[in-house]
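Asks: In the working numbering, the protein residues as written are 49 to 407. C-beta atoms are modelled at their ideal positions from N, C-alpha and C, and glycine is treated no differently. Everything numeric in this text was worked out from a predicted model, so none of it was measured. Please find one structure pasted underneath; my questions will follow.
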């Protein structure tokens, strides 16, 4: 997974600011005049965010506050950037608080500080490692699956695999898969993400795929399975598959059919256009009156990090369009331009989506 330094991951508040090149213009007052008629660049905003997080820490010292006053009073652009940083964290309180807890553990200070002697170096190192790991797994929960899986892909990077039995697999980006080929049966476990399978026919060794509480059994067929949180989607391109949910309810799908298992419960079988449903294999993402869940599912496969949203803000959202999987940022741009959605980019490859009408 690609790593970004803090200076390269800058929050952009679409509602209150307009990004122009490498500068951001401050918001306007009720009278229409700019609150701060000056420009502040990305680095200044990043420093302002660091100051805001540092001062929220109960352990911030008097010297920290003096240093901050020196910095913020140095020029009006520092004041503008700091006000923007405060407003950003107020808008996204939950993820901001979690990032603040991580940032507090790091203790970034503009000036060199004496090391604390309250903990031994070994204990402090273990504590720091634990906090860093906890935050990284919260920010990118795919990491644990990637560490443990037999095959894993990062965001936006698909992989093709041919198994020893001749079955062809296409593992989409941000996916993780376990493979166990035995003498009596073939077992695949989709930990996360999306998988297309052209299963080699072998009546003596049926192929079973597990995705959470959902199991799929086949002999020889083309089908796709997608796992996103508690929702599993099975799409059959050719042949038949048997699907069983957590309550042992079973459904039989044939060519051109799709079934969604949500929270371990079978949904209704739908007849679909498989060319549209499987377009992701050809590098296309096609939304047909998609809701926010479908949009976020696709974005998290293509982009590093996490995408957050409040479902109540998007109850009536319907979004359609065809996009290349190689340019996921265009999906975000289309959402913000056409659907009155604001995309707040946060440190750590996090994105907060909110409706412009939410206030």
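Just how far apart, CA to CA, sit residue 200 and residue 222?
Replies: Their Cα atoms are separated by approximately 7 Å.
Asks: Give me the Cα-Cα distance between residue 263 and residue 293, rounded to the nearest whole angstrom.
Replies: If I take the Cα positions, the gap works out to 7 Å.
Asks: Skipping 5 residues on each side, what residues in its chain have a beta carbon closer than 8 Å to that of residue 51?
Replies: Its pLDDT being 34, under 50, residue 51 is placed unreliably in this model, and the value from its coordinates should be taken loosely. No residues qualify anywhere along the chain.
Asks: DSSP on residue 302, reduced to helix/strand/coil?
Replies: Looking at residue 302 - three-state DSSP - the assignment turns out to be strand.
Asks: For the beta strand (DSSP E) holding residue 399, just list the boundary residues, first then last.
Replies: 398–403 is the extent of the beta strand (DSSP E) around residue 399.
Asks: Please tell me whether residue 332 and residue 372 are closer than 8 Å, where the distance is taken between their beta carbons.
Replies: Yes, they are a contact pair.
Asks: Which residues share a DSSP beta bridge with residue 246?
Replies: The partner list for residue 246 (beta bridge, DSSP) reads 216 and 270.
Asks: When DSSP labels each residue in this structure, what does residue 307 get in the three-state scheme?
Replies: It is a strand residue.
Asks: CA-CA distance, residue 317 and residue 358?
Replies: In a straight line, the C-alpha of residue 317 is about 28 Å away from that of residue 358.
Asks: Which residue spans inside the segment 303–380 form an unbroken alpha helix (DSSP H) run of at least 4?
Replies: Here the runs fully enclosed are 322–325 and 340–350.
Asks: Exposed or buried, what is residue 117 when buried is set at 16 or more other beta-carbons lying within 10 Å of its beta-carbon?
Replies: By the 10 Å Cβ count, residue 117 comes out exposed.
Asks: For residue 128, name the three-state secondary structure that DSSP assigns.
Replies: Correct three-state label for residue 128: helix.
Asks: Evaluate residue 295 with the Cβ neighbour count: other Cβ atoms within 10 Å of its Cβ, from every protein chain shown; 16 or more gives buried, anything less gives exposed.
Replies: That one is exposed.
Asks: CA-CA distance, residue 334 and residue 346?
Replies: So the alpha carbons of these two residues sit roughly 10 Å apart.
Asks: Compare the C-alpha of residue 409 against each of 225, 261, 272 and 303 and name the closest.
Replies: Outside the shown range of the chain (49 to 407) lies residue 409, about which nothing can therefore be said.
Asks: Using the DSSP secondary-structure output, state which residues sit across from residue 276 in a beta bridge.
Replies: DSSP lists 279 as partners of residue 276.
Asks: For residue 376, count neighbouring Cβ atoms within 10 angstroms of its own Cβ and tell me buried if that reaches 16, exposed if not.
Replies: Per the 10 Å Cβ criterion, buried.
Asks: Can you tell which of 235, 224 and 206 has its C-alpha closest to the C-alpha of residue 212?
Replies: Ranking the options by Cα distance to residue 212, first place goes to 235.
Asks: Assign residue 210 to one of two classes, buried (16 or more other C-beta atoms within 10 Å of its C-beta) or exposed (fewer than that).
Replies: Answer is exposed; the Cβ neighbour count stays below 16.
Asks: Would the segment 228–245 count as touching the segment 374–390 if we require 3 or more Cβ pairs under 8 Å?
Replies: Counting Cβ pairs under 8 Å, fewer than three are found: no touch.
Asks: How many Å lie between residue 230 and residue 270 at the Cα?
Replies: About 21 Å.
Asks: With H, G and I counted as helix, E and B as strand and the rest as coil, what does DSSP make of residue 295?
Replies: Residue state, collapsed to three classes: coil.
Asks: When DSSP labels each residue in this structure, what does residue 232 get in the three-state scheme?
Replies: Looking at residue 232 - three-state DSSP - the assignment turns out to be coil, as it is neither helix nor strand.
Asks: Out of curiosity, what's the CA-to-CA distance linking residue 449 and residue 108?
Replies: Since the first and last residues shown for the chain are 49 and 407, residue 449 lies out of range.
Asks: Any idea which residues DSSP pairs residue 112 with across the strands?
Replies: According to DSSP, which records beta bridges pairwise, residue 112 is partnered with nothing at all.
Asks: Residue range of the beta strand (DSSP E) that residue 201 falls in?
Replies: Neither: residue 201 is in no beta strand (DSSP E) and is coded neither H nor E.
Asks: Any idea which residues DSSP pairs residue 265 with across the strands?
Replies: According to DSSP, residue 265 bridges with 256 and 290.
Asks: Buried or exposed for residue 403, going by 16 or more other Cβ atoms inside 10 Å?
Replies: With 16 or more Cβ atoms within 10 Å of its Cβ, residue 403 is classed as buried.
Asks: Would residue 101 pass as an interface residue toward chain B - the criterion being a Cβ-Cβ separation below 8 Å?
Replies: Here chain B cannot be found, since the structure has a single protein chain.
Asks: When you compare the CB positions of residue 93 and residue 122, do they come within less than 8 Å of one another, or not?
Replies: No, Cβ-Cβ distance for residue 93 and residue 122 is not below 8 Å.
Asks: Alpha carbons only, please: which of 297, 350, 328 and 355 is nearest the one belonging to residue 340?
Replies: That would be 355, whose Cα lies nearest to the Cα of residue 340.
Asks: Run through DSSP, which three-state label would residue 103 get?
Replies: Helix.
Asks: With a Cβ-Cβ cutoff of 8 Å, do residue 274 and residue 289 count as a contact?
Replies: No, the Cβ-Cβ distance between residue 274 and residue 289 is not below 8 Å.
Asks: If you drop the 5 nearest sequence neighbours on each side, which residues of the same chain put their C-beta closer than 8 Å to that of residue 100?
Replies: 130, 133, 134 and 137.
Asks: So, with DSSP's three-state summary, where would you put residue 206?
Replies: Coil.
Asks: Looking at the unbroken beta strand (DSSP E) that takes in residue 211, where does it start and where does it end?
Replies: Where residue 211 is concerned, there is no enclosing beta strand (DSSP E), given that its DSSP letter is neither H nor E.
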